[in-house]
Structures are given as structure tokens and as C-alpha cells.
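Novice: So that you can map any letter, position 310 of the sequence shown is 328 in the numbering used here, and since no number is skipped, the others follow by simple counting. We put the CB at the ideal spot given by N, CA and C, even for glycine.
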Amino acid sequence: MISHLNLAEQSLGFCGDCQKRVPAEYRFEDEQVWFSKSCPDCGVSESLVSSDAATWRAKRVIWEGAPERKAAECSLHCDKCKIDHGPTTLFLDVTNHCNMDCPICGFSLRGMGFEFNPPLQYFDKVLRAISQMHPRPIVNLFGGEPTVRRDMFDIIKIGRSYGLDMQVTTNGLRLANEAYCRKLCELNVGLRIGFDGRDRAIYERLRGSGKSYDLKLRAFRNLKKHSRRKHTIFATAALGVNDQHMADLIQFCYENREIVSNLGILPLYENWQPGEYEVAVHTTPEDVEKMVQESVPGGGVDFVPAGMTHWLAVLRPFFGEKPGLGVLNFAGVHPNCESLTFLIPDGESYRGLNHYMKRDLTEAVEDFARVVKQIEPKLARLDPTKRRQRFRGKLICLRAVVPWLLRTMNKRRVFGGNPITGPIRTALSLWKRRRTKRRTGRPSPSAYLRVVIIPLEEQHSVDSERLKACRVGSVYENVETGKVEVIPHCVWFPYRNPLLKKIAEKYGRTGEKRKAA
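1. With a CB to CB cut of under 7 Å and the five nearest residues on each side skipped, what residues in its chain are close to lysine 520?
2. Helix, strand or coil: which one does DSSP assign to histidine 103?
3. Can you check which of these residues, Ile362, Arg514 and His152, is closest to proline 463 by C-alpha distance?
4. How would you write the range of the beta strand (DSSP E) that phenylalanine 252 sits in, first residue to last?
5. For chain B, check one thing: does any of its Cβ atoms lie closer than 8 Å to the Cβ of arginine 178?
6. Return the first residue and the last residue of the alpha helix (DSSP H) that tryptophan 510 is part of.
7. Could you name the residues that DSSP lists as bridge partners for methionine 427?
8. Could you check the C-alpha separation between glycine 162 and arginine 425 for me, to the nearest Å?
9. If you reduce the DSSP assignment to three classes, tell me which class alanine 522 lands in.
10. Consult DSSP for alanine 42 and reduce its assignment to one of helix, strand or coil.
11. Within 10 angstroms of the Cβ of cysteine 36, are there 16 or more other Cβ atoms? Answer buried if so, exposed if not.
12. Which whole-angstrom value is the C-beta distance of glycine 491 and histidine 244, which I expect to be below 8 Å?
13. Cα separation between threonine 113 and valine 493?
14. Classify isoleucine 156 as helix, strand or coil using the three-state DSSP reduction.
15. Going by beta carbon distance, what residues of the same chain come within less than 7 Å of arginine 527, once the five residues before and after it are set aside?
16. Look at the Cβ atom of glycine 317, then the Cβ atom of phenylalanine 348, and state whether they are nearer than 8 Å.
17. Alpha carbons only, please: which of Gln139, Asn189 and His152 is nearest the one belonging to tyrosine 118?
18. So isoleucine 122 packs on leucine 224, CB below 8 Å; how close in whole Å?
19. At which residues does the beta strand (DSSP E) containing methionine 184 begin and terminate?
20. Where does serine 367 fall in DSSP's three states?
21. Output yes or no for whether 8 Å exceeds the beta carbon distance between cysteine 271 and leucine 281.
22. Give me the residue from Val299, Ala194 and Asp217 with the minimum Cα distance to leucine 267.
23. Could you tell me which residues DSSP pairs with cysteine 57 in its beta bridges?
24. Identify, in the order they occur along the chain, each residue of the same chain with its Cβ nearer than 6 Å to the Cβ of lysine 340, setting aside the five sequence neighbours on each side.
25. I'd like to check one pair, valine 319 with glycine 370: are the Cβ atoms closer than 8 Å?
26. Should serine 479 be labelled buried (16 or more other beta-carbon atoms within 10 Å of its own) or exposed?
27. In or out: arginine 168 buried (at least 16 other Cβ within 10 Å) or exposed?
28. For asparagine 206, does the count of other Cβ atoms within 10 angstroms reach 16, so buried, or fall short, so exposed?
29. Pop quiz: lysine 412 and phenylalanine 337 are said to be a contact at Cβ under 8 Å. What is the actual Cβ separation, rounded to whole angstroms?
30. Helix, strand or coil for serine 357? Go by DSSP, reduced to three states.
31. What's the C-alpha gap between tyrosine 368 and glutamine 311?
32. Does the Cβ of tyrosine 525 have 16 or more other Cβ atoms within 10 Å, making it buried, or fewer, making it exposed?
33. May I have the straight-line CA-CA distance separating alanine 72 from isoleucine 101, to the nearest angstrom?
34. Measure the Cβ-Cβ separation of glutamate 204 and glutamate 476 and say whether it is below 8 Å.
35. Who are the Cβ neighbours of leucine 191 in its own chain at under 8 Å, not counting the five residues just before and after it?
36. Between the Cα of leucine 202 and the Cα atoms of Arg377, Ile80, Gly215 and Met170, which residue gives the shortest distance?
Structure (C-alpha cells):
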């Protein structure tokens, strides 16, 4: 069966040959979804975006009725665009040096052809500008490998001086040095640590060498000793490479739940040059969702569009910046971008959230959206910065959400079989955990694992309509204007090299880099 779906009249993509911005549409064939670009010079080029058309469509159905983000039409000229995406997270490139040489990576010196290692002056300017954004986004130091800079701690301190939440994306090798890990943990920085599974062969296939595997395991042991907060594991998933190891990766997260509360999984990101790397089959987001669903004992795993957290964002102003109600990174993003689910510990491993519910997560989320839509007009008339109005808003929220919770939650399973004494035991357990954390300063085991599928858009599948709702960006200084600007992170790849090269030419380099740990 072949069908076409022009989901957005103005949708654009990059021609697969000349890279011009050209009209694009989605095409369905044999339960697959293809992104078809029509170039007047090169003809039609296509790329596979989903191996499961039914699931891909269902994400759009659940999103129906959600508010559209107000934005100008996207031209895919992101370096000239003035759309304010209201980013919740910004990636800041700090170097293109790395202590690994992964064949699948194009973000290092090897793949760029010039050295990018600007001085602290550059980061002071960029971080100062980010601090003026409202709301302030999380800043994630990126590379290359940020930890190869001797002055990375200074960059973090500059960001902190401007009131920014600073995080680091790292391959984790430097954390195998316990003294270094302890020093980084003293800064209490959130980490996104690359870890693709517990098998040396995975790293030989994806990373070109299995040597990093032992260092990564040592890094997690050091974090268990010294970290005072929880972190995120970032894994690349590829069919035929580590799909059979997904269950063990989830178990690894369970065994390290004192320091790991999030698992971000990226389908293998195919932006390498021809001949640099080869795969037998393309891995799509729906493939990765199935890997997770088949790896959790008892099943019960549903993924929903992460953009649905928009409805939590409607309630958040009335409850303040409390744990669990911080920046909602993916609120409002396109339904075919990130998807998420939650896994709950049962004493031995993780179970799907559906095990603790009377209905599937998808149905519950759709119902939650309807509930919030009903009270949204009332909340819009209140000012959450005023004490009485904030209290009224809380009452409105609770009156709507508590009944939803009662018709969703399986109380016997949640409270261990007794719906009367169970809540008391649960409350006591939470009190003890908080008391222990206050006394020791160490994090308690996470009550859940948030699993997010993160389909970084490969250049061949960039869709202008998805980019309009993007909440994650890459930040840089436009050296021609002197202004600090943002490009959606998923389309950073084609712009990165020329922009960073200009920055390198303007600022020079610090020369401060380290060899592998």
C-alpha cells in the first residue's frame, strides 16, 4: 500500500544531493513512513523516518487539540531566522577535541578539519547573554569532549555566576579518575553520560575500540561514591548492534538508581560521510521504542509524545519550582520528536508504568489533557505570583487532577496490596528517604526511571514543521553581528562547522587540552 500525506503545506527539507531547501511530504509504503523531498534540479530523494506507520500516526492523533506554537514559517535558513523557540535547554560547544575517536561521530576535530578551543572570554560573553533569556534555559556543555579542557570548571563557574543551571555532556572517561570525578561532583553539576550497554563488543562496533568500556564502568563506580545528585545516561541504539542488550542496559540503570534517574536513547544518528561507517539497517525512533517495550519484564510500556508535558506546564506556575516541576524540557515539541515513558522499581528491576495503572498510559495522558483543557481558562484569569490567586489556582488544579488520579491509579499495586495502610507506609518511606538525604547529603534511590527516545534529526530527514516547535538549541556568537544566537539543535549539523570556524578565527584557542584519561 502506498499513500501520500502532505501534513503541512509549507513543509521543507534538504535535498539529498545538492542540499537545497525544497518542498517535502510524507509517504507511506508497507507500514513504513518515508520523507520525500522534491528538488527541481535533482529530482526526488527519500529517507526512512519510521518503521511503524501506525505508531507514528498515533502520536499525531494524541496530539490533536494541543495548542500550536506561534511562529513564523520556517525557511530552514536557521542562521538567518529570528524565530524565538523559547528554548529550555541550550548546548554550548566548548571544544572539538576528544579522548575518543568514534567512527559514528562528526563532532570532533577529525570530522571538522580545524581546531575549536576558544578562551574563557568567549564563554563569558555567551553565558552572560543566556542569563538574560526568560525563562533561563539549562546550559549543557558540549563538544567534542568538554572534560578535555583544563578550564572546564572555570566555564561552569562563570555560568553559575550568572545564575545558570550548568550541565555537562560527557563520554565519562575522565570520571574514571577518582580525584577528577570527586572534584566535578563537588560542583554538583548534572551529567549526561554516554553509555551504550554492558558489552565490550558494542564499543568496538560503535566507538571503534572496546578500551573505553572499562573506564566507563569505573566512572560509574566513582560517581556512586561521590555524587550528590542524579544524572542521565545517554545511549546510542542500533539494530543489530546493541538492541539485544537493551534489557541489561535498563537493569544497569536500576542497579545505579541512586545516581541515574533518566535514560535518553538516541537512534543511531547517521550524519557521517559516505564510506566512514556502514550499517545494515536504519534504526528509527519506533524501533527503539520496541527495544524498550520488549526488554521490560511483564511489558506494560507505552510511549507518548514528550510534547504532551505541555499540559503539566499549564499547572506548574501555581506550584512553583519544586522537584519534579522544574524546566519541562520537551513541553510542546512536535509529536514525532521526542517520546517518553516511565519505569517503576519493584525491588528487583523496573516495571512498566501501566502495571500500576487501571488503563494504558496513552489513554491516561489523553484524559489528563482533556482535564487540563477544561480548567485552563480559569487558570488563565489568575496571577500565580499573587498569594491568594496562587492558592485558588492550586485548589482548581487539585479538584481536577485528584479525580483523574483516582480513576487512573491501581491503588492496590501502588500501595502494596492494602489501599488503607499502604499510603501511610508510602508516606513514611518518603519521609525517611528525605530525612536520610538531608542528613547524609547523598541522593536516595530514584522512584522512577524516565526513558526518553531522542531522534536527533539527520540532515536527510529534517522537517521544517518539526523545527518550529523545537525547544532545544545550540548557542553561539554570530561573529559578524557580535550577537549571541540560537539554532535548533537538530539542525545544528549543517551550520556548525562554518559558524564555529569563524569563532575560532576571531578568538584563537586556549591551547588547554588533555590527553585521554
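Specialist: Reading it off the structure:
1. Val497
2. coil
3. Ile362
4. 249-255
5. This model lacks chain B altogether, as it is built from one protein chain only.
6. No alpha helix (DSSP H) holds tryptophan 510; DSSP gives it neither H nor E.
7. Met375
8. 48 Å
9. helix
10. strand
11. exposed
12. Between histidine 244 and glycine 491 the Cβ distance is about 31 Å, and since that is not below 8 Å, they are no contact.
13. 13 Å
14. strand
15. Glu133, Asn135 and Pro136
16. no
17. Here residue 118 is methionine; the residue named in the question, tyrosine, does not match the sequence. Among Gln139, Asn189 and His152, the Cα nearest to that of methionine 118 belongs to Asn189.
18. 6 Å
19. 184-188
20. coil
21. yes
22. Asp217
23. Gly61
24. In this prediction, lysine 340 scores a pLDDT of 47, lower than 50, which makes its location untrustworthy; the coordinate-derived value is nonetheless stated afterwards. Around lysine 340: no qualifying Cβ.
25. yes
26. buried
27. exposed
28. exposed
29. 7 Å
30. strand
31. 12 Å
32. buried
33. 32 Å
34. no
35. Asn117, Met118, Glu163, Thr165, Ser230, Leu233, Lys234, Ala237, Ala534 and Ala535
36. Met170
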